[in-house]
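Protein chains: 2
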Amino acid sequence: MQARSAKLKKAPKHKKSTKTNLRLPRAERREQILTQAAEFFSEYGLTGQTRELAAACGISQRLLYRFFPNKAALQAEVYARTILGPFEGAWLGNLTDRNVSINERLTTFYENYYNKVLTRKWLRLFLYSALAEGDMAPNYIAAILMKLLETIVDETCFEHSLRPPDDPDFKRELGWNLHGAISHLAIRRHIYHGPHTVPHERLIKAHVASFVAGMPAMIENEA
Amino acid sequence: MQARSAKLKKAPKHKKSTKTNLRLPRAERREQILTQAAEFFSEYGLTGQTRELAAACGISQRLLYRFFPNKAALQAEVYARTILGPFEGAWLGNLTDRNVSINERLTTFYENYYNKVLTRKWLRLFLYSALAEGDMAPNYIAAILMKLLETIVDETCFEHSLRPPDDPDFKRELGWNLHGAISHLAIRRHIYHGPHTVPHERLIKAHVASFVAGMPAMIENEA
DNA sequence: GCCGCATGTCGTCAGTTGACGACATTTTTA
DNA sequence: TAAAAATGTCGTCAACTGACGACATGCGGC
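Put into structure tokens, the structure is as follows:
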């Protein structure tokens with residue numbers, strides 16, 4: 001964001017000598033760029049400059065355009081990896097193991113989700129994209145989230161021997177009670193720079209406890 | 001890159017025929033600019049161009065600099081009005097009226113909060129600012145929110161004849177269970193463009209019901 | 001009427017920024 | 001080992017963008 005005074009001094013004009021600007025195979029360089037770009041756009045937003053990104057990669061700006069036709073294409077790939085990637089894991093399986101208590105299942109899942117998905121990098125990229133109307137793959141995420149939300153509501157209702165709501169939209173919204181509270185915890189900590197005084201493990205347990213205990217009230221309230 | 005706000009301004013102010021915008025008194029023009037700017041920066045982010053904003057106002061870009069020394073100063077004032085403004089209202093009072101049921105108090109409050117504060121404009125401005133590390137007045141908001149969170153936890157605990165947690169940080173975090181769930185509902189609807197199939201009134205009631213019913217579990221869970 | 005000033009615009013400067021042609025250097029291959 | 005291919009940089013263009021000096025214009029007071 002500040003002066004790019006980091007601009008290399010009298011770089012080795014033709015002599016190899018000291019500077020080891022080693023040449024990387026195409027795939028490897030591409031990988032490095034994508035990794036740096038995820039970090040970079042997450043930090044400075046989608047309007048971050050390609051020159052700055054190149055500097056962060058330690059390469060010339062021109063080289064970026066040897067790998068991606070334009071900035072948007074690079075960002076699309078960053079998005080696909082960093083946002084969609086973490087969702088690939090199907091940890092959903094454990095959620096339906098009724099040999100384990102519902103509280104433990106939910107706590108374990110969200111402990112994992114918080115650490116693997118709701119990171120600073122992920123949240124910033126996601127929010128920048130959403131604010132820019134970046135409809136990048138919201139459907140994909142929506143599909144996975146819908147399944148998750150239905151699962152946690154179904155399982156929690158089963159615990160109480162309750163019949164889940166018939167309206168699928170409303171049913172998922174009940175799941176958002178827990179999912180939203182934990183997502184917002186991550187947003188507060190990573191985006192709003194709220195205090196980290198209470199360890200998140202303790203809070204996830206509390207949110208899960210409230211969700212499970214509050215489920216009957218949410219459903220009965222509908223009478 | 002392309003049309004960020006490329007919308008040619010429509011007719012001036014009706015009257016005055018073909019001639020350009022009528023001349024406004026300084027205070028009035030300033031007001032108009034601030035109103036438009038809130039809308040504008042909320043929509044296009046803090047990197048929105050002053051030329052586009054001027055066009056939206058129907059004035060020349062130069063004129064903006066007759067009212068504000070620079071872009072940042074204008075944004076700071078927009079922020080103070082649009083973000084801080086809605087917090088001024090002290091609807092907190094009703095929350096402690098124990099003649100009314102806790103569910104009704106919380107529902108009424110959050111119904112109001114959702115409609116008056118958690119609007120699309122407010123959320124977008126707030127998020128853009130937070131992502132840009134805009135430490136603009138987070139303290140002021142924090143102070144009000146802290147009071148709010150403590151109040152709703154105190155009142156809900158009172159309902160259950162429970163002693164609120166001694167640790168003030170943890171106590172506030174419990175309040176975030178409800179506040180976060182509702183904030184995230186607004187974020188989903190206004191920022192993520194999630195579905196609006198279920199009316200928010202119904203969801204606020206559900207979240208409140210879960211919060212109130214789940215409070216004992218959150219506290220006992222600490223054993 | 002016409003003076004003076006607040007209101008408002010035009011044009012431009014200097015720094016930015018995405019994109020890319022031309023060229024240089026290293027590695028692979030026949 | 002020389003040519004081809006791959007890897008990489010320099011320099012530049014055109015559009016963008018915040019900022020502002022110079023100038024124009026409507027309006028109230030006398």
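Chains A and B supply the protein sequences, listed in that same order.
Quick note on numbering: the first sequence equals residues 1 to 223 in the working numbering.
Quick note on numbering: the second sequence equals residues 1 to 223 in the working numbering.
For every residue, glycine included, the Cβ atom is placed at its ideal position computed from N, Cα and C.
Just so you know, these numbers come straight off a predicted model, no measurement behind them.
Out of A:L53, A:A76, A:L123, the CA that lies nearest to the CA of A:L185 is found in A:L123.
Of the residues assessed, B:A209 falls on the buried side of the cut-off, its CB having 16 or more other CB atoms within 10 angstroms.
In the three-state DSSP reduction, B:H193 falls in the coil class, being neither helix nor strand. With its beta carbon less than 8 Å from one in chain A, B:D169 belongs to the interface.
Among the residues facing chain A, B:Y114 is not included, as its CB has no counterpart in that chain under 8 Å away. Think of a sphere of 8 Å around the beta carbon of B:P195: the chain A residues whose beta carbon falls inside it are D169, in chain order.
Within a 10 Å sphere around the beta-carbon of A:N115 sit fewer than 16 other beta-carbons, which makes this residue exposed. In this structure, A:L127 and B:L131 form a Cβ contact; the two beta carbons are roughly 6 Å apart against a cut-off of 8 Å.
In the three-state scheme derived from DSSP, where H, G and I count as helix and E and B as strand, B:N112 is classed as helix. For A:R124, the closest Cβ of chain B is nearer than 8 Å. Of B:V212, B:L95, B:P165, B:P195, the smallest CA-CA separation from B:N177 is found for B:V212. With 16 or more other CB atoms across the displayed protein chains lying within 10 angstroms of its CB, B:L118 is buried. Put simply, of A:A55, A:E28, A:I59, A:T50 the residue whose alpha carbon is nearest the alpha carbon of A:A73 is A:T50. As summarised for the segment 51 to 125 of chain A, the continuous alpha helix (DSSP H) elements at least 4 residues long and confined to that stretch are 61 to 67, 71 to 79, 85 to 88, 102 to 116, given in chain order. In this structure B:S42 is buried. Its beta-carbon is surrounded by 16 or more other beta-carbon atoms within 10 angstroms.
Nearest CB-CB separation between A:V153 and chain B: not below the 8 Å threshold.
What B:T47 touches in chain A, judged by beta-carbon distance under 9 Å, is G45, T47, going in chain order. Taking all protein chains in view, the Cβ of B:G214 is crowded by 16 or more other Cβ atoms within 10 Å, so the residue is classified as buried. Against chain B, the beta carbon of A:F211 has neighbours under 8 Å at S210, G214, listed in chain order.
At a cut-off of 8 Å between beta carbons, A:A217 contacts chain B.
The Cβ neighbour count for B:V100, taken over all protein chains shown within 10 Å, is under 16; the residue is labelled exposed.
Residues of the segment 72 to 103 of chain A whose Cβ lies closer than 9 Å to any Cβ of chain B, in chain order: A72, N103. DSSP places A:E220 in the uninterrupted alpha helix (DSSP H) bounded by 200 to 220. Around A:I204, the same chain offers T107, Y110, E111, Y114, I182 as residues with beta carbons nearer than 7 Å, after the five sequence neighbours per side are excluded. With a 10 Å radius around the Cβ and a threshold of 16 neighbouring Cβ atoms, A:E133 comes out exposed. The three-state reading of DSSP puts B:S161 in coil, since its state is none of H, G, I, E or B.
The contact set of B:V198 on chain A, defined by CB atoms closer than 8 Å, consists of D167, D169, F170, E173 in chain order.
The DSSP-derived three-state label of B:R23 is coil.
Nearest C-alpha to B:Y192 among A:G180, A:S60, A:P199, A:H196: A:G180. Not a single CB atom of chain A sits nearer than 8 Å to the CB of B:N70. Shown here, A:Q49 sits in coil according to DSSP, grouped into three states, outside any helix or strand. Annotated three-state conformation of A:E133 is coil, per DSSP. Using a Cβ-Cβ cut-off of 8 Å, B:A37 does not count as an interface residue toward chain A, since no Cβ of chain A sits closer than that to its own. For a cut-off of 8 Å, the C-beta gap from A:P195 to B:D169 is around 7 Å, short enough to register as a contact.
Taking all protein chains in view, the Cβ of A:T96 is surrounded by fewer than 16 other Cβ atoms within 10 Å, so the residue is classified as exposed. Listed in chain order, the non-local C-beta contacts of B:L149 below 6 Å within the same chain comprise R172, G175, local neighbours out to five positions each way being set aside.
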